[in-house]
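Numbering (this note's numbering), first residue to last: 209 to 403.
Just so it is clear, CB atoms sit at the ideal spot from N, CA and C, and this is done for glycine as well.
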Amino acid sequence: MKKLYFSLMIIFLLGACSYQESTKEVSEEIVLPTSIFSSSKNNAVIDEKEMKESIKTYLNTNEDLSNISDQFEEIMDSDQQLTKAEAKKLEQLNDLVKENDRNFSTYISHNTLPEGYKKESERISRFIMGSNQILDELDQAIDDMVEHMSEGDFSETEIESLMNKNEGVNGREQKKIENFLDDKNIDTKAFGRKS
209 MKKLYFSLMI IFLLGACSYQ ESTKEVSEEI VLPTSIFSSS KNNAVIDEKE MKESIKTYLN
269 TNEDLSNISD QFEEIMDSDQ QLTKAEAKKL EQLNDLVKEN DRNFSTYISH NTLPEGYKKE
329 SERISRFIMG SNQILDELDQ AIDDMVEHMS EGDFSETEIE SLMNKNEGVN GREQKKIENF
389 LDDKNIDTKA FGRKS
C-alpha cells in the first residue's frame, strides 16, 4: 500500500515484460488463504486491544490477497492462458477480497469502537475498498483491451480518470492512515511503521 500509485504504473509496465516461468510452475505455488477478517460481533463494545488486532488482521489479509493477485498477474503478463482451475482460483480470490472488505466495513459500522478509532477505521476501510475497486477496474479495462485486440497502452489521462473515481484513495489519505497506525503502534504488512 505504501506505493499504490507506483504499483499501478508497474502493472502497465509488466504488460510489456515477458515472464519466463511456466504457468504450471507458478500456479502450483498459488495458495489462497484459509481465513480472512471476520467477526460475528454486532452491537458490541470493542476494546482497544481487540480493535488494534482487528485493523491489523484486516490490513494484513488485504496485503496477502494483493500479493496473491500479483502472482496471477505474472501468469497473465507472460501471455499464457489461465487454466480452468487457475481461473476458478482467481475468481475465489476476488470473492475473498470483497468479503474481507465487506466484513471489516460491517464490523466497524455495527459496533461501538474505542474512542479515537471510529473515524480512522472508516478512513482505512474506504481507502482499502477504494484501492481494491481501482485495481479491479484496471484489470477489467486491461481484459477488455486484450479481448477486443486493442492496440496501444493506457494513457496517463485514462489512469488518472480511474484514480479520480475514488477520491478517498490518494497520498493525503494514505499519510493520515500511516500516522494513525504509527500513533496507535499498529504494525501491518500493508503500511509498516515509521522507524
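Start and end of the alpha helix (DSSP H) containing residue i?
{"i": "ILE385", "result": "379-391"}
How should residue i be labelled, buried or exposed, when 16 other C-beta atoms within 10 angstroms of its C-beta is the threshold for buried?
{"i": "THR320", "result": "exposed"}
{"i": "THR242", "result": "exposed"}
{"i": "SER317", "result": "exposed"}
{"i": "LYS296", "result": "exposed"}
{"i": "VAL239", "result": "exposed"}
{"i": "GLU299", "result": "exposed"}
According to DSSP, simplified to helix, strand and coil, what is residue i?
{"i": "ILE394", "result": "coil"}
Which ranges does the alpha helix (DSSP H) cover as unbroken runs of at least 4 residues, wholly within the segment 279-353, from first to last along the chain?
With a minimum length of 4 residues, the unbroken runs of alpha helix (DSSP H) contained wholly in the segment 279-353 fall at 292-317.
Check whether the segment 383-395 touches the segment 244-251, taking contact to mean three or more Cβ pairs, one atom from each stretch, closer than 8 angstroms.
Output reads no: the segment 244-251 does not touch the segment 383-395.
Pairs of beta-carbons, one from the segment 303-317 and one from the segment 330-341, closer than 8 angstroms: are there three or more?
Yes, the segment 303-317 touches the segment 330-341.
Per the contact definition of three or more C-beta pairs closer than 8 angstroms, is the segment 287-304 in contact with the segment 314-328?
No, because fewer than three Cβ pairs between the segment 314-328 and the segment 287-304 fall closer than 8 angstroms, the two stretches do not touch.
Do three or more CB pairs link the segment 257-266 to the segment 277-287 at distances below 8 angstroms?
Short answer: they don't touch.
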